[in-house]
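Have a look at the structure below, then the notes.
Protein chains: 2
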Amino acid sequence: MAKKSVLTPQSEDFPQWYQDVMAKAELAENGPARGTMVIRPYGWALWEGMQAEVDRRIKDAGAQNAYFPLFIPESYLHKEAEHVEGFSPELAVVTHGGGKKLDEPLVVRPTSETVINAYFSKWLQSYRDLPLLINQWANVVRWELRPRLFLRTTEFLWQEGHTCHASEDDARDYALRILHDVYENFMVEVIGVPVVTGLKTANERFAGADQTWTCEAMMGDGKALQMGTSHLLGQNFAKVFDTQFLTETGEREYAWQTSWGVSTRMVGGLIMTHGDDAGLRVPPKLAPIQVVVLVVRDEDGAGDAAAALAKQLKAGGIRTELDNRDAPFGRRAVEWELKGVPVRLEIGPRDLAEGTATMVRRDKGEKESTPLDGLPTRIPQLLDEIQKALHQQAQQRQEDRTVDAATVDEAIDGARTGFARIKWDNGGELEKRLNQESVSVRCLRRQDGSVPLATDEPDLVAVVARAY
Amino acid sequence: MAKKSVLTPQSEDFPQWYQDVMAKAELAENGPARGTMVIRPYGWALWEGMQAEVDRRIKDAGAQNAYFPLFIPESYLHKEAEHVEGFSPELAVVTHGGGKKLDEPLVVRPTSETVINAYFSKWLQSYRDLPLLINQWANVVRWELRPRLFLRTTEFLWQEGHTCHASEDDARDYALRILHDVYENFMVEVIGVPVVTGLKTANERFAGADQTWTCEAMMGDGKALQMGTSHLLGQNFAKVFDTQFLTETGEREYAWQTSWGVSTRMVGGLIMTHGDDAGLRVPPKLAPIQVVVLVVRDEDGAGDAAAALAKQLKAGGIRTELDNRDAPFGRRAVEWELKGVPVRLEIGPRDLAEGTATMVRRDKGEKESTPLDGLPTRIPQLLDEIQKALHQQAQQRQEDRTVDAATVDEAIDGARTGFARIKWDNGGELEKRLNQESVSVRCLRRQDGSVPLATDEPDLVAVVARAY
């Protein structure tokens, strides 16, 4: 099918391509208040799919959902010194409520460590209550001066987990369990996004945490996107909120805590990982629509045959959409391409006469004529193949565009097109010199690729890149 | 099992009973900012179950989920005169963001008609785009001077549907479809709460709507709770936001709109409908835990037998919890009673020796000894019975406590213990006289029980009550 490109090519202007995709695939638009976002139904369906898969994994890790208030008294934020220093410049503040000026301003939560600890300190009594594992799905607000849809918005949606443990080891183990079994597993298995896991430097750590671990993904332009983080909070918040428990030996001890979150930012990450010049490419496991059955022209029974096929696929558990709309075929085909539906089945009178459909794989753009009656068994296999192929492609790109650098200059050079690995000089000048060139240390890793527990472990590798 | 009551009896002080249940069943507590609420895991699980069931019905009614910003420019609220008049006293206002005073204050959404219309007016082009059916799950804020957990909180969670249609009839039909097929169906079938559906008087209408329909339920104390509403907005918002479409004949016309919502308030309604002096009674279809297998004493293999039974029930699709905690049996039994788990299966060494378990129905408090090996087939039937019994009891109470009143005084008298039905005098003094006695018109109905389309239809019946 001959068609004009409706998007700015990635190679020409990647940020413009991203904005074009947002509009043309009807994913999201800017809200009326600066930095806010309207998530349109197709964009929401992607997030809803992510939520379901992440939520299941969080529950498998033993955490329970709960909900804490949007408004936090300003004084709560001030209790943890590093925390307030980190978040103060980003706060939205409610000063008036119910027609009156408030005695104490309320902060719209930028994250909920403070308010949740105020309750943990009441709920937690003894070691028998541990671990205390809580998660919430919520909106948070961090004032954003350079907003970008999904990637950096003043209001965003996320889950934030907050836990209490009896020892530092228990807390650290749980933070890493979330990093690997929930986040990394979801990103790789469901959305096909390969991630580099590692430890953040002190400079990049969450405000108030002892350690932060991260999942970093390489986008289509070689830049890094932080996809999710898991923090060891130590006893920092427990001490200021007096979150204590009675140990088995009858002593009072401050709880050891973690917090961790992933957000609507992952939708942006998905798009920039798999998208191409024709639009999104959504991995089948996440795709709200896995197969679209497209009637080319509703003549000679093509419409009925397409409807019957769509029904059959749906009955087989395939998320299928029938498109027999009264609009030009080409325009409709482009729309499904933009939305990244993994498989398009096109049926017209000519196909039908031959008992076939034209099958188009969105990931490769390949078309083939295929017998109609084989589709119900063929489609599930094909969706599996596409799922693997998308992950594989992203993995390949990440490998191809990651270089080993011997010097800072080589690392900066490597970060022009992707990631660079360079020996970490804990306490040295590396990070500062990179930052001067708008390159950052995305994370620290051990030689074997596992995640370090501290930045001063010997022989660590820094993975550096430009980042969103 | 002999035990002391842990709750204030309903007959003694119903509001205190409700507060006791909130605390003892670990459902929710007050947040730090006035009127806000912390929803604890068990309370959240009830809401999560409601969300899933309501969401499915909304999607079946053709609406798609999306998300609009929390912050609305103050000027948006002012566009619809009745709307701003209704909501102004309840607004929370953000005046500072990112460390600076804002040029225009932002209102924390009390509802989203205004911001959503700002986008509908961009998205809606022609009659081909209609109906446009959007829903969002979100938090909203309405400043609350007399907060009560779940029932009336400054921040609450809800879904709000917003739709555009080509004609007033289409819009009205859809508003009523939501009322009956989504809300009433969910309330009756899933949470076993019988509801009286009807039309709100002009006085009780949503600020900015032409008509409001409602689902009203009778609580355990005979008072009414508004469980959900569906509004015909007419063209009121469309006109001020210029939400127009091109008709089939090429003219521009304002869209006809609806909006509709149910909230976390339903959790309160569930509790006050089915709860008794021992705590919650959760209908099996909603219950996060349908069956708890309780080890009386872990001796002579009772713990293993209980674990095996729990596993077997889970495999059969029953939401089952095993309780073999190291705590006194009586205290654990009371806890499950408080939480309203429909069926308790108690297994101790004595039961096990006889190949039985003690089965306790939460709705009736009845205990019986029952053979272990029959349970996997018996439990699903029992859960069905309990579901029906809870609905039936609530239905019976509603009938018993609803009187036909010939005079206003009789209606006021009837409202002391329940609902009263009285002939509606559109434009007359009835509503005013009732309100003076803290009784309100919950809704108007036709003689045959169907919902009226306007308050001036002949021969309407007003259902009146005291209300939450």
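Protein chains in written order, with numbering that gives the first Met the number 0: chain A, 0 to 467; chain B, 0 to 467.
Where is the CB? At the ideal position from N, CA and C, for every residue including glycine.
Kindly indicate if chain B contains any beta-carbon less than 8 Å away from that of residue i.
i: V53 of chain A; result: no
i: I288 of chain A; result: no
i: P31 of chain A; result: yes
i: H230 of chain A; result: no
i: G85 of chain A; result: no
i: A22 of chain A; result: no
i: Y17 of chain A; result: no
i: W335 of chain A; result: no
i: W43 of chain A; result: yes
i: L374 of chain A; result: no
i: E154 of chain A; result: yes
Just checking my contact of residue i with residue j at CB under 8 Å: how many whole Å lie between their CB atoms?
i: P370 of chain A; j: T355 of chain A; result: 6 Å
i: A117 of chain A; j: P68 of chain B; result: Contact doesn't hold; Cβ gap of about 27 Å is too wide.
i: I133 of chain B; j: A65 of chain B; result: 5 Å
i: A201 of chain B; j: W259 of chain B; result: Actually they are not in contact, since the Cβ atoms of A201 of chain B and W259 of chain B sit about 19 Å apart, beyond 8 Å.
i: L129 of chain B; j: F119 of chain B; result: Contact flag wrong, Cβ pair sits at about 11 Å.
i: R361 of chain B; j: P341 of chain B; result: 5 Å
i: L231 of chain B; j: G207 of chain B; result: About 11 Å separates the two Cβ atoms, so there is no contact after all.
i: G219 of chain A; j: T272 of chain A; result: 7 Å
i: I288 of chain B; j: G160 of chain B; result: With 8 Å as the limit, I288 of chain B and G160 of chain B do not qualify as a contact, their Cβ atoms being about 30 Å apart.
i: S262 of chain A; j: W157 of chain A; result: 4 Å
i: Q397 of chain A; j: M226 of chain A; result: In fact, because the Cβ distance is near 13 Å, the residues do not count as touching under 8 Å.
i: P410 of chain A; j: V460 of chain A; result: According to the sequence as given, residue 410 of chain A is Ala; it is not Pro. Wrong, their Cβ atoms sit about 11 Å apart, outside the cutoff.
How about residue i: is its C-beta nearer than 8 Å to some C-beta of chain A?
i: Q124 of chain B; result: no
i: H95 of chain B; result: yes
i: M473 of chain B; result: One cannot answer for residue 473 of chain B here, as it falls past the ends of chain B, which runs 0 to 467.
i: I38 of chain B; result: yes
i: T35 of chain B; result: yes
i: A393 of chain B; result: no
i: M0 of chain B; result: In this predicted model, M0 of chain B has a pLDDT of only 41, less than 50, meaning its place in the structure is not dependable enough to derive any value.
i: V340 of chain B; result: no
i: P88 of chain B; result: yes
i: Y118 of chain B; result: yes
i: A91 of chain B; result: yes
i: E159 of chain B; result: no
i: V295 of chain B; result: no
i: V107 of chain B; result: yes
i: V463 of chain B; result: no
i: G260 of chain B; result: no
State the start and end residues of the unbroken alpha helix (DSSP H) segment that holds residue i.
i: M217 of chain A; result: First-last for M217 of chain A: 210 to 217, but that is the beta strand (DSSP E), not the alpha helix (DSSP H).
i: T272 of chain B; result: 264 to 273
i: Q18 of chain B; result: 13 to 23
i: Y173 of chain A; result: 167 to 176
i: E336 of chain B; result: 328 to 337
i: N235 of chain B; result: 235 to 240
i: A137 of chain A; result: Segment 131 to 140 is the beta strand (DSSP E) holding A137 of chain A; no alpha helix (DSSP H) there.
i: A307 of chain A; result: 301 to 314
Check for me: the beta strand (DSSP E) holding residue i runs from which residue to which?
i: R360 of chain B; result: 355 to 360
i: K504 of chain B; result: Residue 504 of chain B is absent from the model: chain B starts at 0 and stops at 467.
i: K99 of chain A; result: 99 to 107
i: E345 of chain B; result: 342 to 346
i: T162 of chain B; result: 154 to 164
i: H390 of chain A; result: From DSSP, H390 of chain A is part of no beta strand (DSSP E) but of the alpha helix (DSSP H) over 374 to 399.
i: D322 of chain A; result: 319 to 322
i: N184 of chain B; result: That residue, N184 of chain B, is in no beta strand (DSSP E); its alpha helix (DSSP H) goes 184 to 188.
i: V290 of chain B; result: 290 to 294
i: L370 of chain B; result: Here the sequence assigns Pro to residue 370 of chain B, which means Leu is not the residue at that position. Element bounds for P370 of chain B: 366 to 370.
i: Y253 of chain B; result: 251 to 253
Item to check | Residues within the region 48 to 75 of chain A neighbouring chain B, beta-carbon criterion of under 8 Å | outcome: Listed in sequence order: Q63, N64, A65, Y66, F67, P68, L69, F70, I71, P72, Y75.
Checklist entry - Taking Cβ-Cβ distances below 7 Å as the criterion, which residues of the region 306 to 331 of chain B are in contact with chain A? => result Per Cβ criterion, the list is empty.
Next on the checklist: Please give the ranges of any beta strand (DSSP E) in the region 59 to 124 of chain A, keeping only runs that are unbroken, at least 3 residues long and fully inside the region.
Outcome noted: Runs of the beta strand (DSSP E) inside the region 59 to 124 of chain A: 70 to 72, 91 to 96, 99 to 107.
Item to check | Runs of alpha helix (DSSP H) lying entirely within the region 414 to 467 of chain B, each at least 4 residues, in chain order | outcome: Here the runs fully enclosed are 429 to 435.
Next on the checklist: Short of 9 Å Cβ to Cβ, which residues in the region 128 to 140 of chain B face chain A?
Outcome noted: From the region 128 to 140 of chain B, only I133, Q135, A137, N138, V140 have a Cβ closer than 9 Å to chain A.
Item to check | chain B contacts from the region 448 to 461 of chain A (Cβ-Cβ distance under 9 Å) | outcome: Those would be none; no residue qualifies.
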